[in-house]
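A quick write-up on the structure given underneath.
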């Protein structure tokens, strides 16, 4: 007598299924059908690239270089005065010994952000090298900046 499912109907005949490690235990697959596990790609292999969530304060130059141009979600403790120029708001984090500036650029004028607050921003990470320049007759050496531009 054939095996029956929970509905009482006979189950289709079993056939062998191949996997990346070779032939596996026979699995019940409908004739001409595909195994249930291969009907859909796993979520980490399909769909849009996943966002990376990290702390901007602890991000190193090497990590920022690998993430340059990618969409990320970052958290930042605001440690510098917030600057608005009409189209955007520039927020800076605490200084670190590596002499790299870590900033977030928010869209629009955002007067709701204050020093000492934690903010979370989703945007594109950019690694920017500013060249040396002269401002009002004073030499300003070049610096490196890790910037997240809000989308």
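Numbering (the working numbering), first residue to last: 4 to 154.
Just so it is clear, CB atoms sit at the ideal spot from N, CA and C, and this is done for glycine as well.
Keep in mind it's a predicted model, so treat the numbers as computed, not measured.
Exposure label - residue i; buried when at least 16 CB within 10 Å
{"i": "residue 105", "result": "buried"}
{"i": "residue 111", "result": "exposed"}
{"i": "residue 64", "result": "exposed"}
{"i": "residue 72", "result": "exposed"}
{"i": "residue 141", "result": "exposed"}
Residue i to residue j span [Cα, whole Å]
{"i": "residue 75", "j": "residue 57", "result": "8 Å"}
{"i": "residue 122", "j": "residue 61", "result": "15 Å"}
{"i": "residue 144", "j": "residue 89", "result": "27 Å"}
{"i": "residue 137", "j": "residue 131", "result": "18 Å"}
{"i": "residue 135", "j": "residue 147", "result": "11 Å"}
{"i": "residue 154", "j": "residue 99", "result": "26 Å"}
{"i": "residue 116", "j": "residue 91", "result": "13 Å"}
Nearest-angstrom beta carbon gap, residue j and residue i [assumed within contact, 8 Å]
{"i": "residue 118", "j": "residue 82", "result": "7 Å"}
Sub-8 Å separation of residue i and residue j beta-carbons
{"i": "residue 77", "j": "residue 124", "result": "yes"}
{"i": "residue 97", "j": "residue 149", "result": "no"}
{"i": "residue 127", "j": "residue 102", "result": "no"}
{"i": "residue 70", "j": "residue 107", "result": "no"}
Scan the segment 78-110 and note each continuous beta strand (DSSP E) run of 3 residues or more that stays entirely inside, going in chain order. You should have 91-95 and 103-110.
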